[in-house]
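In what follows, a single structure is set out as structure tokens and then discussed.
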Amino acid sequence: MAEGLNKVMLLGNLGSDPELRTTANGQQFLKLSLATSFSFIDKNNQKQERTEWHSVKVWGKRAEPLSRMLAKGARILVEGRIESYSYEKDGSKRYGTDIIAEDVHFAGSPRSSGTSTSTVHASRYVNGSAAVLGGPGQAANVDNIPF
């Protein structure tokens, strides 16, 4: 059977502080609630904005360091894949979807905040190490840009 492509990129703000969790078999993961928004013109020619909420999980050795660096309102770019699951609750089958993060990029402070009280440096975590790309109002080191 031919392989397909399961790739997602989301840019948004964290809706709550990250939750560091551990599974029954001892695996750590970080649970994030990410809000993404987009604008569109409705049938009455009025501009509307819609916000989607995404459940994001970061597994492995990146979970713990990211739990200390991220906070509610942080603007991040997540690259990963979509994973669906099902479970039973109160006798009925329920379904859900998670984004399994492969890379997390810091994208600065929330756009609605105007000025930030602390500068969040953009970093890309690859194999547990950070490569600094720059921060708001700072020039990026072009030698570290991944494209």
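Using the numbering used here, you'd call the opening residue of the sequence shown number 2 and step up by one each time. C-beta: ideal position from N, C-alpha, C; glycine also.
Alpha carbon of residue i to alpha carbon of residue j, nearest angstrom
i	j	result
Arg63	Leu31	9 Å
Tyr96	Lys90	10 Å
Asn7	Lys44	32 Å
Pro19	His55	13 Å
For residue j and residue i, believed in contact at Cβ under 8 Å, the rounded distance
i	j	result
Leu67	Ala108	At roughly 14 Å, the Cβ-Cβ gap does not stay under 8 Å, so Leu67 and Ala108 are not in contact.
Ala102	Lys58	7 Å
Ser38	Thr52	5 Å
Buried versus exposed call for residue i [16 or more other C-beta atoms within 10 Å across all chains shown]
i	result
Leu33	buried
Ala72	exposed
Asn14	buried
Arg76	buried
Val5	First, the residue type needs correcting, since residue 5 is Gly and not Val in the sequence shown. Burial call: exposed.
Ile42	exposed
Close-in-space but distant-in-sequence residues of the same chain around residue i (CB under 6 Å, 5 per side omitted)
i	result
Tyr88	Arg95
7 Å Cβ shell around residue i - same chain, five flanking residues per side excluded
i	result
Leu21	Gln29, Leu31, Ala64, Glu65 and Ser68
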